[in-house]
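K.L.:
This is the structure I want to talk about, given as structure tokens.
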Amino acid sequence: VVDKIFTRVGASDNISQGESTFMVEMIEAASILNNISPRSLVLLDEVGRGTSTYDGVSLAWSISEYIAVHEHRPKTMFATHYHELNELETKMEGVVNYHVTVKETDGNVLFLRKMKPGGSEHSFGIHVARMAGVPAKVLSRAEAILHRLEADRSDISGRKTLKKVADTVQLQMFQMEDPKLKEVIQHLQAVDVNTLTPIEALMKLNEVKQMLM
Numbered sequence: 477v478v479d480k481i482f483t484r485v486g487a488s489d490n491i492s493q494g495e496s497t498f499m500v501e502m503i504e505a506a507s508i509l510n511n512i513s514p515r516s517l518v519l520l521d522e523v524g525r526g527t528s529t530y531d532g533v534s535l536a537w538s539i540s541e542y543i544a545v546h547e548h549r550p551k552t553m554f555a556t557h558y559h560e561l562n563e564l565e566t567k568m569e570g571v572v573n574y575h576v577t578v579k580e581t582d583g584n585v586l587f588l589r590k591m592k593p594g595g596s597e598h599s600f601g602i603h604v605a606r607m608a609g610v611p612a613k614v615l616s617r618a619e620a621i622l623h624r625l626e627a628d629r630s631d632i633s634g635r636k637t638l639k640k641v642a643d644t645v646q647l648q649m650f651q652m653e654d655p656k657l658k659e660v661i662q663h664l665q666a667v668d669v670n671t672l673t674p675i676e677a678l679m680k681l682n683e684v685k686q687m688l689m
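With the numbering used here, letter number 201 in the sequence shown gets 677, and the count goes up by one each step, no holes.
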């Protein structure tokens, strides 16, 4: 039996109060995190989706960690499409991944509505859009963009990413003496790529990008 049920689901703004959808989401998340009890049940759905990818993943990851190590250890269900969070199962005691089973045949998806252990590496947003009646031209273009983004993403995983960035910047260093590039080189040289997780590598890339802007 639980004494409190906290939920953070859905998406809505509060225009009259000047609060965006993301602000409302964070206010609700803050209320949950600040009022957890030993017998709380916490239900979180897609936390972090209202902002940029890096900010969203970072917040979702941090909130998950906070709850996992909280002294009250509340029972929690966290639904997310941030596949990076699958890694928490190997890092945090008490965190277990589950996914909803899907059957895919001939480009069509059937949601089986069954949960199985293990994280998912795939999302089916375009399939859902097709089921909703989105025009075929839009779906075709979305699939092309998705394939390109997934190909790009495969090139920016962990140590590969930082090595490529370092190599690129080093080539530029031979071409010009730029203090900003020197700073980036020093920043990258201080990174131990062997200990970086994929999410940390992505965040490090974002730091380098900001330094070069």
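Even glycine gets a Cβ: it sits at the ideal position worked out from N, Cα and C.
Pop quiz: LEU688 and VAL660 are said to be a contact at Cβ under 8 Å. What is the actual Cβ separation, rounded to whole angstroms?
P.N.:
Confirmed, about 6 Å.
K.L.:
Going along the chain, which residues of its own chain have a beta-carbon closer than 7 Å to the beta-carbon of THR671, five neighbours each way excluded?
P.N.:
Result list for THR671: empty, nothing under 7 Å.
K.L.:
Starting from ALA555, follow the beta strand (DSSP E) in both directions and report where the run begins and ends.
P.N.:
From DSSP, the beta strand (DSSP E) with ALA555 extends over 551-555.
K.L.:
Fully enclosed by the region 519-579, which alpha helix (DSSP H) runs are 4 residues long or longer?
P.N.:
The region 519-579 contains these whole alpha helix (DSSP H) runs: 529-545 and 564-567.
K.L.:
Can you give the beta carbon distance from SER599 to HIS557, rounded, assuming they're within the 8 Å contact cut?
P.N.:
Indeed they touch by this definition, with Cβ atoms about 5 Å apart.
K.L.:
Can you list, in chain order, the residues of its chain whose CB lies under 6 Å from that of ASN427, leaving out five sequence neighbours each side?
P.N.:
Outside the displayed span of the chain (477 to 689) sits residue 427, for which this structure offers no information.
K.L.:
Should GLU565 and GLY526 be called a contact, given that it needs their Cβ atoms to be closer than 8 Å?
P.N.:
No, these two residues do not count as a Cβ contact at 8 Å.
K.L.:
Note the first and the last residue of the continuous alpha helix (DSSP H) segment covering PRO655.
P.N.:
Unbroken alpha helix (DSSP H) run through PRO655: 655-665.
K.L.:
Return the first residue and the last residue of the beta strand (DSSP E) that PHE587 is part of.
P.N.:
Where PHE587 is concerned, the enclosing beta strand (DSSP E) stretches over 584-593.
K.L.:
Which residues mark the beginning and the end of the beta strand (DSSP E) in which THR497 is found?
P.N.:
Note, THR497: premise wrong, no beta strand (DSSP E); alpha helix (DSSP H) at 497-510.
K.L.:
If you count every other CB in all the chains shown that lies within 10 Å of the CB of LEU520, and 16 or more means buried, which is it?
P.N.:
Flag for LEU520 reads buried.
K.L.:
Can you give me the C-alpha to C-alpha distance between LEU586 and ALA620, rounded to a whole angstrom?
P.N.:
Between LEU586 and ALA620, the C-alpha separation is close to 22 Å.
K.L.:
Using only the alpha-carbon positions, how far apart do LYS658 and ILE675 sit?
P.N.:
Approximately 25 Å between the Cα atoms of the pair.
K.L.:
For LEU681 and LYS656, what's the separation of their Cα atoms in angstroms?
P.N.:
In a straight line, the C-alpha of LEU681 is about 15 Å away from that of LYS656.
K.L.:
Determine the direct distance from the alpha carbon of GLU626 to that of VAL614, and round the result to whole angstroms.
P.N.:
Going from the Cα of VAL614 to the Cα of GLU626 covers about 18 Å.
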